[in-house]
Amino acid sequence: MIVLHHVPQSRSMRSLWLLHELGIPFEVTTHRLDKALRSPEHLARSPAGRVPALEIGGESLFETGAITQVLCERYSPDDLGRMPGSAERGQWLVWVHFAETISQHAAALIQQHVMLREDHMRSPVVMKLEAARIAKCYAAIEARLEGREYLLDGGFSAADVSVGQAVYMALHFATLADFPRAAAWYDRITARSAFVASVPAPQEELFTETFFAPWDIA
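Position in the sequence shown (first residue = 1) + 3 = the working numbering.
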């Protein structure tokens, strides 16, 4: 049995969406974003105390890019994945891992807007810089989608899942209003039933708002 250790509205949503796309049996153990992730039991699965952690084949995997590669190699090598020898292998890997470039900027903004408890801890400068960096990532997606419906010429793949989930998080801080191709692509992939199944219920959401605008710099 495959078991995904998951926190709603975190990077583990990327693995959850992919598992739904694969259509294979799996279970989800949902955690809170708290000290339980530092328990010896969870640290044995994920030594940095994070999610996702995936129990599969008698071992535990962590890091979303690695989980994506392993799942696609085992269950969807020529559909959601692109294996060694495929003409699209290089671009598949690039875009699967580009998700983390987006996610690092979203994570900085989650810290600024959500995790820091006192206003004096927050930085309007960081908010504006990181939102601008997300927009640069959107511009890269926009350029890639010229003449394409998906990130790869061969069609929808785990690259769209990885980047799509990162954009889902980033949209809490920067909109796609200036990126029409990326917006159309995002609408297309988030209409999929597997994405819908991975979205947390309202009571599970980490965020109290749907959009956090950068603060004005005094």
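Backbone N, C-alpha and C fix where the C-beta goes; we use that ideal spot for every residue, glycine too.
By the neighbour-count definition (other C-beta atoms within 10 Å, threshold 16), Ser42 is an exposed residue. Nearest to Asp82 by alpha-carbon distance, out of Thr33, Glu103, Pro50 and Gly26, is Gly26. By the criterion of a C-beta distance shorter than 6 Å, Leu112 is surrounded in its chain by Glu133 and Phe176, once the five residues flanking it on both sides are discounted. If you draw a straight line from the Cα of Val73 to the Cα of Met4, it comes to about 15 Å. In this structure Pro80 is exposed. Its beta-carbon is surrounded by fewer than 16 other beta-carbon atoms within 10 angstroms. With contacts defined as CB atoms closer than 7 Å, Met124 and Pro217 fail to qualify as a contacting pair. Taking C-beta atoms under 8 Å as the contact rule, Tyr153 and Trp188 qualify, at a distance of about 7 Å. Put simply, the backbone Cα of Ala51 is about 13 Å away from that of Leu36. Runs of the beta strand (DSSP E) lying entirely within the stretch 47-105, each at least 3 residues long, are 56-59 and 62-65 in chain order. Here His116 carries a helix assignment [DSSP, helix/strand/coil].
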